[in-house]
Every structure is written in structure tokens, then in C-alpha cells.
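Okay, structure first, notes after.
2 protein chains.
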Amino acid sequence: MTVDGRLARGERTRTAVLDAAVSLASANGLDGLSLGHLADSLGVSKSGLFAHWRSKEALQLATIDRAVAQWQERIVAPALRAPRGVRRIRALHEARIDFYVARVLPGGCFFATTEFEFNARPGPVRDRLAEVFADWTAFLERLVREAVELGELPADLDVALLAYEIDAYGIAAAMRSRLLDPDTTYRHARRGVLARLRALCPDPTLLPEGP
Amino acid sequence: MTVDGRLARGERTRTAVLDAAVSLASANGLDGLSLGHLADSLGVSKSGLFAHWRSKEALQLATIDRAVAQWQERIVAPALRAPRGVRRIRALHEARIDFYVARVLPGGCFFATTEFEFNARPGPVRDRLAEVFADWTAFLERLVREAVELGELPADLDVALLAYEIDAYGIAAAMRSRLLDPDTTYRHARRGVLARLRALCPDPTLLPEGP
DNA sequence: AATAAATACGACCGGTCGGTCTTCTTTAGT
DNA sequence: ACTAAAGAAGACCGACCGGTCGTATTTATT
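Residue numbers (the numbering used here), protein chains in the order written: chain L, 1 to 211; chain B, 1001 to 1211.
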């Protein structure tokens, strides 16, 4: 099966551009993502970008999708390799903090930055971000519900509330690690969720203290 | 004691501009705050603004200070009217959520928006925001420490961690309330902190369930 | 070898940005 | 009434923004 070299070349460019766009947007926002800068930093011409996306908004939407794919690879996929229940919840949170620690994106968290940027700006970009956020929340709640069903968390637990709390630890980590002391921040984020789960889980051996 | 009418006029204009700037920046960020738009929305000329602030950056810094003053009035001052200890911590958090519920600012939270906007952009604005955030964290930790000293929280409590958690509930509320269901979000934010404090406080009568 | 499609480019457009300059009005001090 | 200072206005600047257009280059098809 041969691939069309023209399409292959375009696809290569497209993903390279989007990776750079995710990086840039994590630091400067989806609005601060200037087509001129993006083109320059990639050694392409600005008009070359318009061959792939008709407008800045189309590029912004594509950038969001690329960020979702990265998040899926780096945070969700590793967590799904852990066994269902509280261990998976912990693995997800740990993968997220690891992602921040590794400084993968210059802005820390693409979603935190862009969601705050657009939460008061109606339009397709905001709608897409809200959709992504809703999906993420639903995923977190599903993981918590699974743990309840396995008996690893109390049956009368407020599932949505615990999901809210776990995500809150992550958001706060993204924000504080860039303005205050990063090490302290990450320690709080990790210890907080671990302590929370241990307090709720009847079987403490599922959640060892160690790193 | 008479005041200089010229200076008074300038002062009036200045606070009016800064109030509008805080509002605008809460929605569009400190960078999205365009001097032209700001001037138009106030019925003044753009060059009139430069008579008060030499540059956009100077205006941004003044806007931050104004937002701090508003926060002090609307969140910190009410909390300080509550008795020291866990009740004051709760009052602070409730005042914060009330502030979000009241939709005082179109963007929800000035600090959450701007701190995420600037956390990867070195410069005086970022430094000032980091300073403000550090002060806020220190204040929160002080309140928690006071509650420990009063015996309303365990002596071996990780003060900084609880302060981190309380702030995390607030940050998450600011973010989620604009993209997901606001009522659910606010309920989680309030119930979460309340449940957390009640679980730690030996005297449950200090923290009644009621609204 | 010729044609067509997908990429990419340089030049350019109207509009907006932050910022400057000159001018005019308002007000205080005398 | 006159002067000095502060506030505000409008015209204007260079830089950059998102976006368009015509054209050249690469590649697959025939």
C-alpha cells in the first residue's frame, strides 16, 4: 500500500505545525498564538499555513484537538494500564502531575490556560473547550464510579464531588507551580489526592505511601 | 481642607478607568485589554489614558492593584468579621464563592484568568501577580494556623496543604462555573470545603450544615 | 511528456495595536 | 484678570495582525 507523497508531506507539516501550536498556545494562549510567529518559528511562510487551515479559528480548533490527543497519550493511556479502581485514579493523577513536572509544555497546561482564556468569550473555540472539559469530567467520574462499584470507595460517596476535588488538585498544581515554589506545589498535589483516597479506601494496601 | 479639583477629577477618572479595566481584563485578560476599547467603552479618548499611565504595562500593574483592593473589600474584609478559626476560614471561602455567584466580574475571577495568562511570560506583570498570589497563600495559611492554635483543627495538621486544598476548591469553581453547570459547581465548592473542615474540626457545632 | 492536484511562497491589503505629539479646556493660585 | 498646571482630545505614526492573491514547486496520474 503506497501513500500519496503529496498528502504525506502535508500531513507531516500539519502535525509539526500543530505540535508547535500547542506549545505556543500553552504559554501565550490560543489568541496570543500569532500566525506570523508560528510560521517563523517553523521556518514556513505565513501563507503556507493558510493552505492547511482557512482561518485562525480553524487552526485554533485543530490545535485543541491535537492537545486532546497529546493528553490522551500522556495522561489517560498510562492510567488505563493501571488496574481499575483507586489505583487507576491515582495513576491518572500522578501521570498528570508528572506531565507538569516534566515541563512538556512551556505554559504548563494547555487546557487550564486556554479554558480560562476563553471561558468568557462565546464562540466555537469556547464551545469546543467546554466540550473537552465535560468529557474529561465525565471520564474522571467514571473512574471514581468504577472504584465505588469495586468496593474500593464507599457506596454512599458523592462521586461527582470527589471527581471535582481530584481535578481541583490538578488545576491548582498547574497554576501554583508556575508562580510559587514548584516542588512544594507538586508535593501538595500528590500527597493531597493520596491522603484523600487512603482516607476513603477500606484497603490501604492498594495505595502505598511510597513514590 | 479643600481638595484640588483638578487632582480630584483625575482621581475620579482613574478609578473609573481601573474598575472598567478590571472587568475587561477578567474576561479578556490583561493582554486582551486594548487601550482603544477601554477608552471607547468609557467615552474617553485613548490619549486621555496615556495622561494617567505612561504605558500599557503601567496600566496593567495599576489594574492588578485595583483588583487586589476589590478582593480585599469583597472577600477578605467580610471574612475578618467572622470569629477567628474554622468559621473565619469558611467565611472566606463562602465570600469567594458568593463573589463568583454574583457575577461581579464578567470573566469570573480576575486573578485566575490573569495568573494563567502570565505564568509563562516573564516580566513585571508576572512578578506582581506572583507576589499577589504569594500574599494570598500566606493569608490563607495564617487563617489555618490560627484555627490550629485555637484547637479547632488538629495540632499535627499540614497547614500549607489544607490552605492549598481550600484555594484549589476556589480555583476549580472559577474555571468550571463558566464551562460546566454553575449551580453544581458552586455546590461542590461549598460542600467540599465544609465537609473537609467538619472532618477535621473536633467541635462540629462551629460549622452548621445550613446555608 | 503532459496534465492536474496538493503544497508552499512573496507581495500585499485593510484594520488595529501601543504610543507620540500638538492643541484646547478646565481649574487653582495670585 | 492672569498665569501655571493638570486633564483631555484628535491627528498621526510605525509595527503587526489576520487574511487574500497570483505564482512557483513538488508529486501522482495518464
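Backbone N, C-alpha and C fix where the C-beta goes; we use that ideal spot for every residue, glycine too.
Nearest to residue 1021 of chain B by alpha-carbon distance, out of B:1148, B:1097, B:1107 and B:1132, is B:1107. Here the alpha carbons of residue 65 of chain L and residue 38 of chain L stand approximately 17 Å from one another.
For residue 1031 of chain B, the neighbours in chain L by C-beta distance under 9 Å run, in chain order, 28, 29, 31 and 32.
Per DSSP, the unbroken alpha helix (DSSP H) holding residue 138 of chain L starts and ends at 124-149. For residue 1068 of chain B, the enclosing alpha helix (DSSP H) starts and ends at 1056-1071. Separation of the CB atoms of residue 1131 of chain B and residue 192 of chain L is rounded to 25 Å, and the pair is thereby denied contact status at 8 Å. The way I'd put it, the region 1186-1203 of chain B does touch the region 1086-1096 of chain B; three or more beta-carbon pairs between them come closer than 8 Å. In the DSSP assignment, residue 75 of chain L falls outside any alpha helix (DSSP H) and carries neither an H nor an E. Within chain L, no residue has its CB atom less than 8 Å from the CB of residue 1064 of chain B, the nearest being about 13 Å off. For the region 159-170 of chain L, the residues whose beta carbon sits under 8 Å from a beta carbon of chain B are, in order, 160, 161, 164, 165, 167, 168 and 169.
Counting only Cβ-Cβ distances below 7 Å, residue 1155 of chain B has no contacts in chain L at all, with the closest Cβ about 17 Å away. Taking each of B:1109, B:1071, B:1121 and B:1017 in turn and checking the Cα distance to residue 1050 of chain B, the smallest one comes out for B:1017.
For residue 71 of chain L, the closest alpha carbon among the candidates L:44, L:112 and L:41 is that of L:112. The beta carbon of residue 13 of chain L does not come within 8 Å of any beta carbon belonging to chain B, so the residue lies off that interface. For residue 1087 of chain B, the enclosing alpha helix (DSSP H) has its first and last residue at 1086-1101. Cβ contact annotation for residue 128 of chain L (same chain, cutoff 7 Å, sequence separation greater than five): 61 and 64, in chain order. Chain-ordered, the chain L residues with CB closer than 8 Å to the CB of residue 1106 of chain B read 120. Where residue 165 of chain L is concerned, the enclosing alpha helix (DSSP H) starts and stops at 159-179. For the region 181-193 of chain L, residues whose beta-carbon sits nearer than 9 Å to a beta-carbon of chain B comprise 184, 185, 187, 188, 189, 191 and 192. The three-state secondary structure of residue 1017 of chain B, taken from DSSP, is helix.
Put simply, the backbone Cα of residue 1102 of chain B is about 21 Å away from that of residue 1015 of chain B.
A straight-line Cα-Cα distance of about 30 Å links residue 168 of chain L and residue 34 of chain L. Under the DSSP assignment, residue 182 of chain L falls in the alpha helix (DSSP H) whose first and last residues are 182-200.
Contact of residue 116 of chain L with chain B is assigned, a C-beta pair being separated by under 8 Å. Around the CB of residue 143 of chain L, 16 or more other CB atoms lie within 10 Å, so the residue is classed as buried.
Between residue 1094 of chain B and residue 1029 of chain B, the CB-CB gap reaches or exceeds 8 Å. Annotated as distal: residue 138 of chain L and residue 110 of chain L, with beta-carbon spacing of 8 Å or more. Residue environment for residue 1023 of chain B: buried (at least 16 other C-beta atoms within 10 angstroms of its C-beta). Straight-line spacing of the CA atoms in residue 1124 of chain B and residue 99 of chain L works out to 28 Å. Contact between residue 1188 of chain B and residue 161 of chain L is confirmed by a C-beta separation of about 5 Å, below the 8 Å threshold. Exclusion of the five residues before and after residue 1155 of chain B leaves 1148 as the residues of its chain whose Cβ lies within less than 7 Å of its Cβ.
Taking 8 Å as the cut-off between beta carbons, the residues of the region 127-143 of chain L near chain B are 129, 130, 133, 134 and 137, in sequence order.
Residue-level contact check: residue 1112 of chain B touches chain L, since one or more beta carbons of chain L fall below 8 Å from its beta carbon. Sorting B:1133, B:1206 and B:1196 by C-alpha distance to the C-alpha of residue 1171 of chain B places B:1133 at the top.
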